[in-house]
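Reviewing the structure listed below.
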Amino acid sequence: MNKFYITTPIYYVNDKPHLGHAYTTIAADILARYYRKQIGDDNVFLLTGTDEHGVKIAQAAEKAGKLPQDFSDEVSAQFQATWQKLNISNNDFIRTTEFRHEEAVIEILLKLKDAKGPSGQPVLYQGEYEGLYCTGCEAYKTESDLVDGKCPDHPKQKLNHLKEANWFFRLSDFQTDLKKIIESGAFKVEPESRKNEVLSFIHDGLQDIAISRASVDWGIKVPFDQDQTIYVWVDALLNYLSALGIKDNSEKFQKFWPAEVQLLAKDILKFHAIILPALLMALDLPLPKVCFAHGFFTIDGQKMSKSIGNVIDPNELVDTYGSDAARYLIISQFPFGNDGDIKAEEFVKKYNADLANGLGNLVSRVLGMAEKYFSSSVPAGKYTADFDLKSFWQTYDKNFSDLKLYDNIQLIQQLVSWCDNYIDSEKPWELAKNNNDKLSQVLYNLIEIVRHLAYAISPYLPETSDQILKKLNIQSVEENYREIGLVKEGTKLDKGESLFMRK
Ligand SMILES: [Zn+2]
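Okay, so the sequence shown: first residue is 1 according to the UniProt record's numbering, each after it adds one.
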């Protein structure tokens with residue numbers, strides 16, 4: 001891989017940032033940070049942003065007594081502030097109300113107007129839509145989508161009956177091609193369960209979709225039909241292209257498109273695994289490599305909701321635990337891709353177990369012994385521990401290329417436990433009495449492992465990683481950091497303060 005473009009969805013500004021947004025964004029950030037180490041900062045691009053058009057925003061703004069733009073400005077700023085607090089290293093933040101986005105969307109619509117699908121028919125046509133619309137999803141619903149006559153995701157929302165003339169996108173024309181590229185893996189939908197879900201949806205038959213609205217004002221006007229605005233989802237999906245500068249076919253666009261990975265939650269899978277690829281095929285553009293949908297989570301067994309009052313604000317987690325620990329607590333709950341339950345009262349336990357008593361305590365212990373027995377300098381030795389660091393890094397890379405972010409957390413925790421057991425079995429405090437050579441050797445091994453740990457945690461815990469490297473007197477990232485035995489005899493160490501205070 002020589003470049004890595006990764007995207008999160010752009011988040012709808014009808015809601016403040018919550019744990020679900022943070023989960024996807026932290027995951028994307030971890031991957032971006034990993035690849036920056038692998039292929040260089042200039043070759044990685046992490047995009048996130050906010051989705052600001054549509055009925056739902058107009059209504060939310062009205063309810064707040066604000067203009068939609070002012071309302072969007074405020075909520076978008078909250079997202080940006082939250083990502084800063086969580087130390088998200090996004091390269092850009094796109095807003096769909098920005099001029100650069102709107103002008104790109106208009107140009108893309110004009111291109112679509114002239115484009116023909118696989119059957120040779122124009123991909124856009126005028127038609128009449130009649131049916132039910134869920135404002136919660138900002139999507140039309142067919143009878144088969146409904147459960148007891150209601151949207152399964154928004155059972156409290158009244159479905160609107162809409163009848164209007166719209167522009168349609170001939171999605172049905174792309175059915176065969178979509179099936180082919182998903183089955184062949186030319187366009188990967190992951191995990192496997194999500195791929196099957198998309199394929200069975202395609203198998204049931206794709207219907208053309210209305211891509212404009214006569215009844216919605218808060219949106220980008222259709223360039224060839226000023227009475228209509230562009231359907232918010234089509235508008236939103238194009239952010240991945242507009243942010244790179246597709247309009248001017250910029251260098252950035254040429255370098256980074258298509259995305260290597262698009263991360264999203266499973267509720268918006270159809271938009272990313274069906275509509276976006278079909279639009280791209282219509283535009284004759286290459287498709288993203290991987291569309292990865294992670295699961296939903298519940299909080300203490302219940303769906304996260306304002307009415308239950310179990311919405312967790314990621315900002316509060318940062319205030320309580322700090323940015324690194326908040327990232328860790330959010331991402332370490334359950335395997336990436338699965339559904340899972342977040343137990344809010346477990347946060348403090350997990351913080352203490354994994355970070356304060358785990359990693360933090362190990363670093364203090366090792367540097368404490370170096371201080372006590374070797375006046376805080378690296379003793380003589382070479383790496384002889386029977387922990388195989390080489391295969392550790394191989395598994396680590398494999399996990400990242402499989403998007404197994406959680407598995408690497410396990411891998412890191414296993415190494416921490418291995419060290420704790422090693423200390424307990426070698427008993428350096430006894431070696432100090434009678435076997436100074438062996439004591440040097442044991443300490444050398446531990447310091448070397450701590451150095452590897454500092455690099456391994458860096459995508460997850462970037463500040464902690466820097467702190468450990470400083471303690472080891474490593475001023476900047478070593479180019480060949482994975483080599484074994486780079487720790488040099490005589491290097492001054494600094495135990496300093498604990499990495500994580502117990503809570
Ligand atoms: Zn809905």
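Where a beta carbon is used, it is the ideal one built from N, C-alpha and C, also for glycine.
Q: Give every residue of the same chain whose Cβ lies closer than 7 Å to the Cβ of residue 440, excluding the five residues on either side of it in the sequence, and list them in chain order.
A: Along the sequence shown, one-based indexing puts residue 440 at 440. Answer for residue 440: 379, 380 and 381, listed in chain order.
Q: Between the Cα of residue 284 and those of 430, 184, 233 and 177, spot the shortest distance and give me the residue it belongs to.
A: Position 284 of the sequence shown, counted from the start, is the residue given in the question as residue 284. Of the listed residues, the one whose Cα sits closest to residue 284 is 177.
**Q.** Assigned exposure category for residue 1 - 16 Cβ within 10 Å defines buried
**A.** Locating residue 1 in the sequence shown gives position 1, where the first residue counts as 1. Classification of residue 1: exposed, given that the 10 Å Cβ count is below 16.
Q. Going along the chain, which unbroken runs of the alpha helix (DSSP H) with 4 or more residues stay wholly within the segment 404-458?
A. 405-426, 428-434 and 436-456
Q: Within the same chain, show all residues whose beta-carbon is closer than 6 Å to that of residue 454, passing over the 5 residues directly before and after it, in chain order.
A: As a working mapping, residue 454 is identified with position 454 in the sequence shown. Taken in chain order, the residues that qualify are 465, 468 and 469.
Q.
Checking 8 Å against the spacing of the C-beta atoms, do residue 199 and residue 171 come in under that value?
A. The residue given as residue 199 occupies position 199 in the sequence shown. The residue given as residue 171 occupies position 171 in the sequence shown. No.
(Q) Looking at ligand 1, does it come within less than 7 Å of residue 20, judged from the CB to the closest heavy atom? (A) In the sequence shown, counting from the first residue as 1, residue 20 sits at position 20. The answer is no for residue 20.
**Q.** Close beta carbons around residue 335, own chain, < 8 Å, minus the five adjacent residues each side
**A.** The residue given as residue 335 occupies position 335 in the sequence shown. Answer for residue 335: 404, 406 and 407, listed in chain order.
**Q.** Residues proximal to ligand 1 by C-beta, any heavy atom closer than 5 Å
**A.** 134, 136, 137, 151, 153 and 154
Q: Please state if the CB of residue 366 and the CB of residue 447 are separated by a distance shorter than 8 Å.
A: Taking the sequence shown and counting its residues from 1, the one referred to as residue 447 is at position 447. Taking the sequence shown and counting its residues from 1, the one referred to as residue 366 is at position 366. Yes.
Q | Minimum Cβ-Cβ distance from residue 323 to chain C less than 8 Å | A | You won't find chain C in this structure, because it holds only one protein chain.
Q: Identify whether residue 209 lies in helix, strand or coil by the three-state DSSP scheme.
A: Here residue 209 refers to the residue found at position 209 of the sequence shown. Correct three-state label for residue 209: strand.
Q. In three-state terms, what does DSSP make of residue 354?
A. Position 354 of the sequence shown holds residue 354. Here residue 354 sits in helix by DSSP.
(Q) I'd like the list of long-range same chain contacts for residue 21, defined as Cβ closer than 7 Å, with 5 residues on each side in sequence excluded. (A) On the sequence shown, position 21 is the one that residue 21 refers to. Hits under 7 Å: 11.
Q: Might you give, ordered along the chain, the residues of its own chain that have their beta carbon closer than 7 Å to the beta carbon of residue 111, omitting 5 neighbours on each side?
A: Your numbering for residue 111 matches position 111 in the sequence shown. The answer, listed in chain order, is 283.
Q. Considering only residues of the same chain and omitting the five flanking positions on each side of residue 304, which have a CB-CB separation below 8 Å?
A. The residue given as residue 304 occupies position 304 in the sequence shown. Counting only Cβ-Cβ distances below 8 Å, and skipping sequence neighbours, we find 18, 19, 20, 297, 298, 310, 311 and 312.
Q) Do the segment 217-234 and the segment 158-173 make contact, defined as three or more Cβ pairs closer than 8 Å? A) yes
(Q) Within 8 Å, do at least three Cβ pairs link the segment 72-90 to the segment 46-63? (A) yes
Q: Hey, could you find the ends of the alpha helix (DSSP H) residue 83 is sitting in?
A: Within the sequence shown, residue 83 is the residue found at index 83, counting from 1. Segment 68-85, the alpha helix (DSSP H) holding residue 83.
Q. Counting pairs of beta carbons, one from the segment 360-375 and one from the segment 495-503, are three or more of them closer than 8 Å?
A. yes
Q.
Please report the distance separating the alpha-carbon of residue 428 from that of residue 376.
A. Along the sequence shown, one-based indexing puts residue 428 at 428. Along the sequence shown, one-based indexing puts residue 376 at 376. C-alpha separation (whole angstroms): 15 Å.
Q. Applying the criterion that 16 or more other CB atoms from any shown protein chain within 10 Å of the CB defines a buried residue, is residue 396 buried or exposed?
A. The residue labelled residue 396 in the question sits at position 396 within the sequence shown. Burial call: buried.
Q | Any 3 or more C-beta pairs closer than 8 Å across the segment 61-73 and the segment 25-38 | A | no
Q) Cα-Cα, which of 292, 287, 280 and 40 is closest to residue 117? A) As a working mapping, residue 117 is identified with position 117 in the sequence shown. The shortest Cα separation from residue 117 among 292, 287, 280 and 40 belongs to 280.
**Q.** Ranges of the beta strand (DSSP E) found wholly within the segment 327-393, counting only runs of at least 3
**A.** 340-342
Q. Rounded to the nearest angstrom, how far is the Cβ of residue 350 from that of residue 332, given a contact under 8 Å?
A. The residue given as residue 350 occupies position 350 in the sequence shown. The residue given as residue 332 occupies position 332 in the sequence shown. The Cβ separation is near 7 Å, so the contact holds.
Q) Tell me the DSSP bridge mates of residue 229? A) Position 229 of the sequence shown, counting from 1, holds the residue named residue 229. DSSP lists 213 and 221 as partners of residue 229.
Q.
Classify residue 14: buried if its beta carbon has 16 or more other beta carbons within 10 angstroms, exposed otherwise.
A. Within the sequence shown, residue 14 is the residue found at index 14, counting from 1. By the 10 Å Cβ count, residue 14 comes out buried.
Q: Starting from residue 95, trace the beta strand (DSSP E) both ways and give me its first and last residue.
A: Indexing the sequence shown from 1 puts residue 95 at position 95. Its beta strand (DSSP E) spans residues 92-95.
Q | residue 154 versus residue 147 - alpha carbon distance | A | Within the sequence shown, the letter at position 154 stands for residue 154. Within the sequence shown, the letter at position 147 stands for residue 147. Taking the straight line from one Cα to the other gives about 10 Å.
Q) According to DSSP, is residue 140 helix, strand or coil? A) Here residue 140 refers to the residue found at position 140 when the sequence shown is read from its first residue. Here residue 140 sits in strand by DSSP.
Q: Take residue 165 and list the residues in its own chain whose beta-carbon comes closer than 7 Å to its own, dropping the five residues that flank it on each side.
A: In the sequence shown, counting from the first residue as 1, residue 165 sits at position 165. Same-chain partners within the cutoff: 126, 128 and 214.
Q) Can you give, in chain order, each stretch of the beta strand (DSSP E) that sits fully within the segment 162-200 and has at least 3 residues? A) 188-190
**Q.** Where the beta strand (DSSP E) through residue 296 begins and ends
**A.** The residue labelled residue 296 in the question sits at position 296 within the sequence shown. Unbroken run through residue 296: none, as it is neither H nor E.
Q) Terminal residues of the continuous beta strand (DSSP E) containing residue 133? A) Counting from 1 along the sequence shown, the entry for residue 133 is found at position 133. Where residue 133 is concerned, the enclosing beta strand (DSSP E) stretches over 124-134.
Q: Please name the residue in 59, 53 and 88 whose C-alpha comes closest to that of residue 459.
A: For this step, residue 459 is matched to residue 459 along the sequence shown. Per the Cα distances, 88.
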